[in-house]
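Following: one structure in structure tokens, then a few remarks.
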Amino acid sequence: MSNVDFDQDSFNFSIQNAGSIEAYLEQTDLIWPMDAIHSFDAFYMYPQGAAQYYDPMNPIYTSPISTTVFPERLLANWMGVQNWEAIFDQVPGGNYQATLTYGFSGSSVTCDVVVNAVPPTPTPSPTPNCSWIIDGPLTYNEDLLRFHINLGNASFQARQLTDTNFEWSKLWDSYYLDWMEWGGAIYYNGDDYEGPTLVNSDPPLNFPALGNYHWYADFYADDPPGPLMDYDVDYIVTLTFDDGCQVIKEHQKTYPTPTPGPTPDCSNLVVSDVRVVDDDFEIVVDNQTQADLTFEEATVIWPDNMGMHINSFSFRSQVYDYFNYFSSPTTSQSTHRVFPANYTGVFEVDFDNIPIEGLWGYFKGDLTFFDPNNGFYCPVSADIDVEQPPTPTPTNTPTITPTPTITNTPTITPTPTNTPTPDCSKLTVSNIGFGPNDFRFNIRNLNAHDAYMQYTGLIWPVDGSSGFDNFYIGPTNGTTYYNPVSPVYTSPITTNVSPEIRLANGMGNQTWEANFLQLPTGAYQATLRYGFSGTSLTCNVVANGSFSPPTPTNTPTPTNTPAPTNTPAPTNTPGSSPDCSKLVVNNVQFNGSDFEFYVRNDNSEDAYLTHSTLYFPVAPPMKFNRKTFNGSTYYSTRTYFSPVDASAPSITLATGTNRLWEANFLYANFNGTYQAVLTLDFPGWGTCQVSAIKTTGEANTPTPTNTSPPAPTHTPTPTKTSTPPPGPTNTPTRTQTSTPPPTNTPIGGPPD
Numbered sequence: 016m017s018n019v020d021f022d023q024d025s026f027n028f029s030i031q032n033a034g035s036i037e038a039y040l041e042q043t044d045l046i047w048p049m050d051a052i053h054s055f056d057a058f059y060m061y062p063q064g065a066a067q068y069y070d071p072m073n074p075i076y077t078s079p080i081s082t083t084v085f086p087e088r089l090l091a092n093w094m095g096v097q098n099w100e101a102i103f104d105q106v107p108g109g110n111y112q113a114t115l116t117y118g119f120s121g122s123s124v125t126c127d128v129v130v131n132a133v134p135p136t137p138t139p140s141p142t143p144n145c146s147w148i149i150d151g152p153l154t155y156n157e158d159l160l161r162f163h164i165n166l167g168n169a170s171f172q173a174r175q176l177t178d179t180n181f182e183w184s185k186l187w188d189s190y191y192l193d194w195m196e197w198g199g200a201i202y203y204n205g206d207d208y209e210g211p212t213l214v215n216s217d218p219p220l221n222f223p224a225l226g227n228y229h230w231y232a233d234f235y236a237d238d239p240p241g242p243l244m245d246y247d248v249d250y251i252v253t254l255t256f257d258d259g260c261q262v263i264k265e266h267q268k269t270y271p272t273p274t275p276g277p278t279p280d281c282s283n284l285v286v287s288d289v290r291v292v293d294d295d296f297e298i299v300v301d302n303q304t305q306a307d308l309t310f311e312e313a314t315v316i317w318p319d320n321m322g323m324h325i326n327s328f329s330f331r332s333q334v335y336d337y338f339n340y341f342s343s344p345t346t347s348q349s350t351h352r353v354f355p356a357n358y359t360g361v362f363e364v365d366f367d368n369i370p371i372e373g374l375w376g377y378f379k380g381d382l383t384f385f386d387p388n389n390g391f392y393c394p395v396s397a398d399i400d401v402e403q404p405p406t407p408t409p410t411n412t413p414t415i416t417p418t419p420t421i422t423n424t425p426t427i428t429p430t431p432t433n434t435p436t437p438d439c440s441k442l443t444v445s446n447i448g449f450g451p452n453d454f455r456f457n458i459r460n461l462n463a464h465d466a467y468m469q470y471t472g473l474i475w476p477v478d479g480s481s482g483f484d485n486f487y488i489g490p491t492n493g494t495t496y497y498n499p500v501s502p503v504y505t506s507p508i509t510t511n512v513s514p515e516i517r518l519a520n521g522m523g524n525q526t527w528e529a530n531f532l533q534l535p536t537g538a539y540q541a542t543l544r545y546g547f548s549g550t551s552l553t554c555n556v557v558a559n560g561s562f563s564p565p566t567p568t569n570t571p572t573p574t575n576t577p578a579p580t581n582t583p584a585p586t587n588t589p590g591s592s593p594d595c596s597k598l599v600v601n602n603v604q605f606n607g608s609d610f611e612f613y614v615r616n617d618n619s620e621d622a623y624l625t626h627s628t629l630y631f632p633v634a635p636p637m638k639f640n641r642k643t644f645n646g647s648t649y650y651s652t653r654t655y656f657s658p659v660d661a662s663a664p665s666i667t668l669a670t671g672t673n674r675l676w677e678a679n680f681l682y683a684n685f686n687g688t689y690q691a692v693l694t695l696d697f698p699g700w701g702t703c704q705v706s707a708i709k710t711t712g713e714a715n716t717p718t719p720t721n722t723s724p725p726a727p728t729h730t731p732t733p734t735k736t737s738t739p740p741p742g743p744t745n746t747p748t749r750t751q752t753s754t755p756p757p758t759n760t761p762i763g764g765p766p767d
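Here it is as structure tokens:
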């Protein structure tokens, strides 16, 4: 044993077998100075048989740690040297003792190699002299959504900016960090949709001697609902320079000192509804006062004896507490969310792992609001007791009644009921989408058998900079079940789920996630293999998704521009060029929370969706959520307002296929007229527009625009070069002919 050493995150030494008999590592024991803060991660042995031979599923905070090296025992080669390591998140100070037990080929003799060590006390780094920094405050420009610091270098020596740490909060759904600038040059191009933002400048950024530089951070939001100072959030910027000096600036929300006001009057804060919707408990509150309030706190009583748990709290469609709670009552602090005067707000508690029959039982919410102008609090309470729905009872298989027979004739014995055989088609995937840094979807098991995940494979768009972090399954036994020691930058990623196989409960619903350090753009495919209790059947569940970060665009103001008239389609020689009339809209309907329809391509060429415009009646709290075509979600900026205009990344509608287009809404309450206009491109030829429209509810609901739905129209491509997607305005069509366009006849039956 030699070369005992410590790194920042490891305790390591070398082992040499000077004998003539090969030795095999059989057992490892480690005593280490646990401190409830730092954690053990893994054991390594290398170079011969290089392996991470013990990697617990979760970090370990206790001592001692003991493991048997089986089935693959690591060889200390004859006359060879091996290096051994214990990996930590960070090595804590104190006493370490490692015991490695070796056996020998053809012998029952075992030997313990014991190593005792103490990490050296680190030499404190000298405190840098930072008197050269001249810095101003962190300021904010409300109109530009931009932060600013003015800095000066008062020394005769140039410095370098090496690191930026910007701690910020996501205030609105469309709010993100767009770019950061130093000395007039952008050094971070974004986009970051969740704070904090960490930037390591490689190469470092110059700060010249006696220079004066400005630092900027610019944000983007589609339609900010209010000024930044309406939100109780802090912004902290830390700029680190090459000599170790740091500039730390904070922008804090400040409240004016309240002046004595009238006696609190909370009578105009009214609960208008309390309800259970799907897996949510909701309270609808009307602020009928003339003052803007802030939402401060909620305490919820709920039935915590059914195995379910709270997943998140939200108010006014913004999640402010995304933490799991397993016992009642539960209290959650808000982020001082503004509740404007004469406004209706919905408080929501989202539950996971709910009973198969749905949410039921007694629910109560005690909400607290604050009036910053008058300095008093207003409590609001509401409760609901939901009866337990009847659990569906299985239909009994009729028993064969014994027929009277001649004496001594055996009676017919009833045939026992067979348990249904598991069916792979009853493992379904839904809600495929992307979070800030994850690819996710829901898995539902409609079989009578429990299903167990055995294997996971992921193909993802490697870009050289974004790293894969972990696999997660929940809510049932929610856990990170595959968590490599360091980020993975290659594809595909595969793992067997063992020894603890994850259960997808019979009739249950689980959420699966692949988490990344930063979500790369491109196509994703996840394959999950499941097995079933008492059977050898296995099923592969496959989910495909495509991610592209939203491009900020200025939504055009809708105008009463006449829609394209029913211009006769150009007469084409069969098979010579695309025909807009062969793009057929069918099966237009409202389905759950979706307005949807199919588009069939009867042309001999593939078409590509490049743009869409959606019109719908504005009716809060209903809110547009996302657009999806052919299984690919291409726009997901939420809004209450119509129209919703969005480009699409040339999503394929292959020849001879019939594919679904969907607009998904939150708090859907379909009433009125809904219309979607899609632009599809035939490369090298031109574009066509198709429209789908449907009205439900009140007959007198006005159409979103003063136009009738356009028939499919064709815009020719002026040259053979690629044509960028057109905007929502009308584009010129070919010269009219006397041949009228064929009627789009809806087709029946399921789409292919």
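Everything in the sequence shown is counted per the working numbering, starting at 16 for the first residue and increasing by one. From the three backbone atoms N, C-alpha and C, an ideal C-beta is built for every residue, glycine too. All values reported here derive from a predicted model rather than from experimental measurement.
Judged by beta-carbon spacing, N168 lies beyond the 9 Å limit of W197, meaning their Cβ atoms are not closer than that value.
Taking C-beta atoms as the reference points, A707 and V603 count as a pair closer than 9 Å. By the CB criterion at 9 Å, T359 and V300 fall inside the cutoff. Straight-line measurement puts the Cα of E528 at about 11 Å from the Cα of F483. Taking all protein chains shown into account, G380 has 16 or more neighbouring C-beta atoms within 10 Å of its C-beta and is therefore buried. When DSSP states are grouped into helix, strand and coil, S29 belongs to the strand group.
Fewer than three Cβ pairs drawn from the segment 251 to 260 and the segment 333 to 349 lie within less than 8 Å of each other, which leaves the two stretches out of contact.
Per the C-alpha coordinates, the member of T179, L186, D188, W187 positioned closest to W194 is T179. In the structure shown, S596 falls within a helical segment according to DSSP collapsed to helix, strand and coil. With a beta-carbon spacing of about 18 Å, F656 and S608 fall beyond the 8 Å limit used to define contacts. For F55, the enclosing beta strand (DSSP E) starts and ends at 55 to 61. Rounded to the nearest whole angstrom, the C-alpha separation of T83 and V503 is 27 Å.
Between N616 and G699 a beta carbon distance of about 16 Å is seen, past the 8 Å cut, so the two are scored as non-contacting. Excluding its 5 nearest sequence neighbours in each direction, G537 has C-beta neighbours in its own chain below 6 Å: P476, listed in chain order.
For C126, the enclosing beta strand (DSSP E) starts and ends at 125 to 132.
Between the C-alpha atoms of D294 and Y68 there is a straight-line separation of about 43 Å. Per the coordinates, the alpha-carbon of P451 lies some 14 Å from the alpha-carbon of T648.
Cα atoms of P535 and F310: separation of roughly 36 Å, rounded to the nearest angstrom. For A669, same chain residues with a beta-carbon under 6 Å away, outside a window of 5 residues either side, are D621 in chain order. Under the DSSP assignment, N98 falls in the beta strand (DSSP E) whose first and last residues are 96 to 103.
In this structure the segment 629 to 637 lies against the segment 651 to 665, because at least three pairs of beta carbons, one per stretch, are closer than 8 Å.
Between Y191 and F222, the C-beta spacing is not below 9 Å.
A direct Cα-to-Cα measurement between S17 and D127 gives close to 15 Å. In this structure, the alpha-carbon of F605 lies about 11 Å from that of T688. Per DSSP, A538 is one residue of the beta strand (DSSP E) stretching across 537 to 547. Under the three-state reduction of DSSP, K185 is assigned to coil, being neither helix nor strand. In terms of Cβ geometry, T505 and Y470 do not form a close pair [threshold 9 Å]. Annotation for S329: E363 place their beta carbon closer than 6 Å to its own, counting only its chain and skipping 5 residues before and after. The criterion of a C-beta distance shorter than 9 Å is not satisfied by F55 and V130.
The beta carbon of V106 is closer than 8 Å to those of F21, D22, Q23, D24, S25, F26, H53, P134 in its chain, skipping five residues each way along the sequence.
Per the DSSP secondary-structure output, D217 pairs with nothing in a beta bridge. Cβ atoms of F162 and Y250 come within 8 Å of each other, at about 6 Å.
For W197, the enclosing beta strand (DSSP E) has its first and last residue at 191 to 197. Counted as a single uninterrupted DSSP element, the stretch harbouring S78 is not any beta strand (DSSP E), since DSSP gives it neither H nor E.
DSSP, read as helix, strand or coil, puts C393 in strand. Between A663 and F644, the C-beta spacing is below 9 Å.
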